[in-house]
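Trainee: Its first residue numbered 2, the sequence shown is counted upward by one per residue in this note's numbering. Where a beta carbon is used, it is the ideal one built from N, C-alpha and C, also for glycine. Got a structure here, written out as structure tokens. Questions coming.
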Amino acid sequence: MRPVFAALLLLACWSPFVRAEDWPRFRGPRGDGTSSESTLPLKWGPKENVAWKQELPGPGSSSPIVLGPRVFVTCFTGKKAEEIVRHVMCFDRTGGKQLWKNSYPAPLPEMDYTGHLLQHGFATSTPCTDGERLYVHFGRDGVRAFDLDGKLLWHEIVGKTVSTFGAGASPLLLGDKLIVNATVELGALVALDKRTGKRVWKTPINGDCWSTPAVIDLPGGKQELVLNGSAAVYGFDPVDGKELWYVDSVGGHISSTPLTQNGMVYVTNASMGGKNAMAVRPGGHGDVTKTHIVWKSEKAGASHCSPLLLGERFCWFSTTATTVSAKDGSVVEQKRMEDLFNLYSSPIIAGDTIVLFARKAGAYVMRAKDLEVIAQNDLGDQSGINASPALSHGQLFIRSNRFLYCIGATK
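Here it is as structure tokens:
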């Protein structure tokens with residue numbers, strides 16, 4: 002190996018910025034559930050293919066994220082409002098040793114851990130990292146930024162509304178901005194300066210939603226922010242937050258994150274407002290419901306579970322696994338999957354393999370080409386799994402309401 006090439010390779014491996022094999026945010030490096038890795042673990046159980054597991058202080062629905070030798074996750078403790086405490090934790094990915102933990106009592110007033118909150122709790126938003134800092138959204142407690150050793154760098158309140166449904170949207174890094182869906186807390190989409198936490202812009206939005214924003218690249222180097230909101234899918238200018246376009250949607254409680262690939266926005270929803278799945282062409286102005294919907298189906302959809310794009314097929318999961326043509330929305334295949342009732346976790350894919358965790362029925366491992374189930378793996382953990390898995394260096398990281406697991410060969 003030439004010395005110059007070796008030096009460059011070493012520098013790349015130890016760069017402070019996010020590596021391709023890291024899992025730095027909700028739904029992975031591209032925010033779409035895909036991994037550049039070609040394989041992932043296929044079989045595991047309570048005593049099979051578990052590299053390590055660590056008991057967490059309390060439950061949570063946020064996904065773990067992975068940055069080099071570190072795994073980050075959030076959780077909460079307490080049941081009464083005055084007892085609720087949120088925790089940010091960092092573990093060594095090699096052996097699962099806890100490296101640090103920071104804890105923050107919930108600002109009052111707050112809801113008790115009861116009612117709708119029993120479905121997902123007070124730690125639902127997945128953290129994100131730019132390779133230098135960790136960013137966490139805790140609803141009414143606001144957004145906190147840390148260095149990788151757990152030092153708090155800044156704390157910014159993004160809204161104070163108390164919601165019976167709690168918070169759930171994960172933050173999105175875009176350039177120097179941290180984008181936060183604060184419709185629940187503030188009735189707005191908010192951009193913060195990622196270095197200081199200072200608000201850059203705020204765009205009011207009618208209706209609560211719990212979906213994570215996405216970004217789409219347009220011709221000419223421009224970008225748009227996309228939010229799957231209550232009653233509409235929106236496009237915004239990320240520079241100043243100006244609303245650019247919208248298309249009418251189903252309304253109700255929206256949680257599914259859109260996919261933005263191949264110059265198209267794909268969404269799927271199911272709520273008290275109805276069901277839908279559709280493909281929307283971005284780049285419009287104003288109400289583009291009649292001009293920019295490429296295809297739309299009102300026969301099926303998914304609520305909390307975010308979709309996948311499998312080449313020329315668009316795929317989502319509820320009690321039915323559905324694939325349609327990404328080009329025209331025509332149904333390719335549907336399969337009943339009763340164990341996926343009340344599904345909160347979203348699927349990931351590596352190569353031709355999909356992994357999807359059910360809340361109480363373990364994990365389904367499926368072939369992407371035909372959604373054939375090739376394994377159903379159960380960790381024997383009855384606490385429930387709402388989080389989506391993370392994949393890094395051939396290992397799966399999954400958190401239940403009790404444990405954080407590393408699945409796969411020990412590194």
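Given Thr40, which residues of its chain have a CB within under 8 Å of its CB, disregarding the five upstream and five downstream residues?
Mentor: Closer than 8 Å at Cβ, skipping near neighbours: Ala351, Gly352, Thr354, Gly395.
Trainee: In whole angstroms, give me the CA-to-CA distance for Asp241 and Arg141.
Mentor: If you take the alpha carbons of Asp241 and Arg141, they lie about 24 Å apart.
Trainee: Hey, could you find the ends of the beta strand (DSSP E) Asp33 is sitting in?
Mentor: Segment: none, Asp33 is in no beta strand (DSSP E) and carries neither H nor E.
Trainee: Sorry if obvious, but does the Cβ on Tyr406 come closer than 7 Å to a heavy atom of the ligand GTP?
Mentor: For the ligand GTP, the structure offers nothing, since it holds no ligand at all.
Trainee: Which residue wins for smallest C-alpha separation from Arg26, given the options Phe404, Tyr406, Ser393?
Mentor: Checking every option, the nearest Cα to that of Arg26 belongs to Ser393.
Trainee: Using DSSP with H/G/I as helix, E/B as strand and the rest coil, what is Leu392?
Mentor: If DSSP states are grouped into helix, strand and coil, Leu392 belongs with the strands.
Trainee: Count the other C-beta atoms from every protein chain shown that fall within 10 angstroms of the C-beta of Arg145, then say buried if there are 16 or more, exposed otherwise.
Mentor: Buried is the call here.
Trainee: For the beta strand (DSSP E) containing Glu84, list its first residue and its last residue.
Mentor: Where Glu84 is concerned, there is no enclosing beta strand (DSSP E), given that its DSSP letter is neither H nor E.
Trainee: Please state if the CB of Glu225 and the CB of Gly236 are separated by a distance shorter than 8 Å.
Mentor: Cβ distance < 8 Å, so Gly236 and Glu225 count as in contact.
Trainee: Looking at the strands, I want to know which residues DSSP matches up with His88.
Mentor: The partner list for His88 (beta bridge, DSSP) reads Cys76, Ser104.
Trainee: Using only alpha-carbon positions, find the residue among Ala52, Val325, Thr261 that is nearest to Lys370.
Mentor: Of Ala52, Val325, Thr261, the residue nearest in Cα terms is Val325.
Trainee: Please check the pair Val268 and Arg282, which I expect to be a contact at CB under 8 Å, by giving their CB distance rounded to whole angstroms.
Mentor: Wrong, their Cβ atoms sit about 13 Å apart, outside the cutoff.
Trainee: Could you check how far apart the C-beta atoms of Phe123 and Ile85 are, in whole angstroms? I think they sit under 8 Å.
Mentor: Indeed they touch by this definition, with Cβ atoms about 6 Å apart.
Trainee: Taking buried to mean at least 16 other C-beta atoms within 10 Å of its own C-beta, is Ile375 buried or exposed?
Mentor: Exposed.
Trainee: Relative to the C-alpha of Tyr247, which candidate in Ser298, Asp150, Lys291, Pro58 has its C-alpha closest?
Mentor: Closest by alpha carbon: Lys291.
Trainee: Please list the terminal residues of the continuous beta strand (DSSP E) segment that includes Asp194.
Mentor: That run of the beta strand (DSSP E) goes 189-194.
Trainee: Short of 6 Å in beta carbon distance, which residues of its chain neighbour Lys203, apart from the five on each side in sequence? Order them along the chain.
Mentor: The answer, listed in chain order, is Ala189, Val191.
Trainee: State buried or exposed for Glu111, treating a residue as buried only when at least 16 other CB atoms are found within 10 Å of its CB.
Mentor: Its Cβ being crowded by 16 or more others within 10 Å, Glu111 is buried.
Trainee: My parser needs the beta strand (DSSP E) runs of 3 or more residues fully inside the segment 178-266; what are they?
Mentor: List check, beta strand (DSSP E) in window: 178-183, 189-194, 200-205, 215-218, 224-229, 233-237, 244-249, 260-262.
Trainee: Can you tell me the Cα-Cα spacing of Ala410 and Val51, whole angstroms?
Mentor: So the alpha carbons of these two residues sit roughly 8 Å apart.
Trainee: Scan the segment 286-328 and note each continuous beta strand (DSSP E) run of 3 residues or more that stays entirely inside, going in chain order.
Mentor: The qualifying runs are 294-298, 309-311, 314-318, 321-326.
Trainee: Here's a check: name, in chain order, each residue in its chain whose Cβ is nearer than 7 Å to the Cβ of Trp53, leaving out the five neighbours to either side.
Mentor: Excluding positions up to five away in sequence, the list reads Gly96, Gly97, Cys407.
Trainee: Which same chain residues end up closer than 7 Å to Lys44 when comparing Cβ atoms and leaving out the 5 residues on each side of it in sequence?
Mentor: Answer for Lys44: Asn50, Ala376, Asn378, listed in chain order.
Trainee: Terminal residues of the continuous beta strand (DSSP E) containing Trp155?
Mentor: Counting along the chain, the beta strand (DSSP E) containing Trp155 begins and ends at 153-157.
Trainee: Let's test the definition: count the other Cβ atoms within 10 Å of the Cβ of Leu193 and tell me whether it reaches 16, buried, or not, exposed.
Mentor: Looking at its Cβ environment, which holds 16 or more other Cβ atoms inside 10 Å, Leu193 is buried.
Trainee: Do the CB positions of Asn229 and Ile255 come within less than 8 Å of each other?
Mentor: Cβ distance < 8 Å, so Asn229 and Ile255 count as in contact.
Trainee: Distance, Cα to Cα, Thr213 vs Leu405?
Mentor: Each residue's Cα considered, the two are about 23 Å apart.
Trainee: Under the three-state reduction of DSSP, which class applies to His117: helix, strand or coil?
Mentor: If DSSP states are grouped into helix, strand and coil, His117 belongs with the helices.
Trainee: Taking just the CA atoms, how far does Lys161 sit from Glu186?
Mentor: Roughly 5 Å between the two C-alpha positions.
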